[in-house]
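Protein chains in written order, with this note's numbering: chain A, 1 to 189; chain B, 1001 to 1378.
No residue lacks a Cβ here, since even glycine has one placed at the ideal position from N, Cα and C.
Quick caveat: nothing in here was measured; it's all calculated off a predicted structure.
These notes concern the structure reproduced below.
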Amino acid sequence: MIEQFQRLPGIGPKSAQRLALYVLKRPETEIQALAQALLEAKQQVGVCRVCFHLSAEDVCDICRSPSRDRATICVVADPRDVIAIEKTREYQGKYHVLGGLISPMDGIGPEQLYISPLVKRASEAEVTEVILAISPSVEGETTTLYVGQLLKPFTKVTRIAFGLPMGGDLEYADEVTLARALEGRRELD
Amino acid sequence: MFLQTLHLRQFRNYREQIVQFDAPKTILLGDNAQGKSNLLEAVELLATLRSHRVSRDRDLVQEGNPEGVVAATVKRETGVVDLALLLRASGRRTARLNGQTLKRQLDFLGALNAVEFSCLDLELVRGGPGDRRTWLDTLLVQLEPVYAHILSQYSHVLKQRNALLKRQNGDDSSNPNGMELAVWDAQLAALGTRVIRRRARAIARVAPLAALWHRNISDGQEELVIRYTPNVQAETAETDDPHQIQQAFLAKIQDRAIAEQMQGTTLVGPHRDDVDFSINQSPARQFGSQGQQRTLVLALKLAELKLIESVIHEPPLLLLDDVLAELDLTRQNKLLDTIQDRFQTLITSTHLGSFDAQWLQSSQVLRVVRGEVIKAGD
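Here it is, written out as structure tokens:
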């Protein structure tokens, strides 16, 4: 059991041992419920046919919601990013999950990602803006450039800004972030 | 700046060692393979986060141990700084500055500055272009710490692009995706341009200083010219315009497209740069005598010292690894005149007799025996 736990991300040998001992101590019903929840989630959760976010249904809640703006699509690499942006409650449009980033070293090319379904969605008349919200790593930049070029003929393409964290002091910002923030400066409005 | 203490734990052949420095010059005396150079390597690591001898941390950690530590206390004009670098045989390093773990190791750079001069540097002129790029990059990292990030991003893009070329080279059946390659080209050109411009700038700053020193050491007999020869050159050679360089970069990629596809590797970019040295208008590499090359490298190192000093407004450390005995009396004295007691200097040597007695003034002599440092005379 310890070995099984250790395979989970972020779990080292010590944490794995702690989890295993905890499981042994709890009543059987509780563990049964946990095991059931894990199995059900695995069996029922798939990806949304439209945006490829995690979903128990064929089409996810966000894609079905009538109150969300159908004209904007926010493109992210991973379902985790959808969850992060949803937490802000600031975004009212739809999403599209690529399922990763272009990385030839790991054998991931554009064909391995959900890029062509995105192009199809973006080419529909009702879409007026696609926002690329992909992290500024080397692979993220490449994916942003690639997707941006494909979508430009169909709609307006924007990308999220990068810069200083809120509440952070300028003097504590690292040089790379500062340089990046300077590059992306804009006129005061 | 002054390195007050150096603390090594499970680093190379040191189990646990604290070294106190209390003189402007420290001579580390010992037979070969006792750990003299390891000590300088530790200082180099704190200054640049790289070692000129190895690239894997596994080789730095004492054999049989999972981790090692290099720590130092440095007195600067702005106050005392505590540096610590935790090295792991497998896994990433942890860098600590004044007890705080840094999220980015980049922030570690600049806390300690040092110029290393080892007998390997004497090969700089005759060695391969890779040696000269490493020299230039190590200097740049200390002048502009953000360069470390740019360079690592460039190498990363290079690896990805090579992987893509190799894959497209491997199976002809699959339709090569020209657009995917074009995106990597754009990334390579954008980052490559930043590397090229910064390298050009560094050479422009170090070249006149080195020429001055070379003239001085050769008693006005020799004129040293250092020229950066980038693999990608804009049409107007001296330009610093990023657009022009990027255009030239992309054009050259186009030119070499077929060759790149055949070889499955990136043939264009600053990973193929070089630096040219010429003395009295003839290439130092082919025509320079042994003595001229020594003068050249010494001039280069003195230029580095002065350049770093002018940028950080404090004299950096000088590390002389087994090189003093390689210089004749005149060159030794030029060096001594320059450093005086301003630049803290660590010197390794097998015996005191191998260099001029003047060096012993204001020096502290430490003996290194099998991974232990003891005060001479004890």
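Item: Within-8 Å CB hit, residue 1180 of chain B to chain A; Value: yes
Item: Distance between beta carbons of residue 1122 of chain B and residue 1326 of chain B, contact taken as under 8 Å; Value: 6 Å
Item: Distance between residue 1105 of chain B and residue 950 of chain B (C-alpha atoms, nearest Å); Value: For residue 950 of chain B there is no data in the structure shown, the boundaries of chain B being 1001 and 1378.
Item: First through last residue of the alpha helix (DSSP H) which encompasses residue 1217 of chain B; Value: 1178-1217
Item: Integer Cβ distance of residue 1365 of chain B from residue 1029 of chain B, believed to fall under 8 Å; Value: 6 Å
Item: Length of the line joining the Cα atoms of residue 1047 of chain B and residue 1272 of chain B; Value: 26 Å
Item: Cut-off 7 Å between Cβ atoms - residues of its own chain near residue 1094 of chain B, not counting five sequence neighbours on either side; Value: 1086 and 1101
Item: Minimum Cβ-Cβ distance from residue 1173 of chain B to chain A less than 8 Å; Value: Bear in mind that the predicted position of residue 1173 of chain B carries a pLDDT of just 44, short of 50, making it too unreliable to give a figure here.
Item: Three CB pairs or more closer than 8 Å across the region 1214-1226 of chain B and the region 1278-1298 of chain B; Value: yes
Item: Closer than 8 Å at the beta carbon, the chain A residues around residue 1145 of chain B; Value: 175
Item: Nonlocal neighbours in the same chain, by C-beta distance under 6 Å from residue 1211 of chain B, ignoring five residues either side; Value: 1224
Item: Residues near residue 1234 of chain B by beta carbon distance below 8 Å, same chain, minus five either side; Value: 1241, 1244, 1245, 1247 and 1248
Item: Residue range of the alpha helix (DSSP H) that includes residue 160 of chain A; Value: Run containing residue 160 of chain A: none; DSSP gives neither H nor E here.
Item: Endpoints, the alpha helix (DSSP H) within which residue 1037 of chain B is located; Value: 1036-1048
Item: Any chain B beta carbon closer than 8 Å to residue 179 of chain A; Value: yes
Item: Contact under 8 Å by Cβ, residue 1392 of chain B with residue 1323 of chain B; Value: One cannot answer for residue 1392 of chain B here, as it falls past the ends of chain B, which runs 1001 to 1378.
Item: Residue 40 of chain A burial status per 10 Å Cβ neighbour count (16 or more: buried); Value: exposed
Item: Straight-line gap, residue 1025 of chain B to residue 1065 of chain B (C-alpha atoms, nearest Å); Value: 32 Å
Item: Limits of the alpha helix (DSSP H) - the one that residue 1249 of chain B falls within; Value: 1242-1255
Item: Residues in the region 102-122 of chain A having any Cβ partner in chain B nearer than 9 Å; Value: 102, 103, 104, 105, 106, 107, 109, 110 and 111
Item: Presumed contact (8 Å Cβ cut-off) between residue 1118 of chain B and residue 1321 of chain B, rounded CB distance; Value: 4 Å
Item: Paired residues, beta bridge with residue 1277 of chain B - DSSP; Value: B/1226
Item: Listed by chain order, chain B residues near residue 145 of chain A by CB distance under 8 Å; Value: 1183, 1186 and 1187
Item: Closer than 8 Å to chain A by CB, residue 1083 of chain B; Value: no
Item: Residue environment, residue 29 of chain A, which counts as buried when at least 16 other CB atoms sit within 10 Å; Value: exposed
Item: Host alpha helix (DSSP H) of residue 1061 of chain B (start-end); Value: No alpha helix (DSSP H) contains residue 1061 of chain B, which DSSP labels as neither H nor E.
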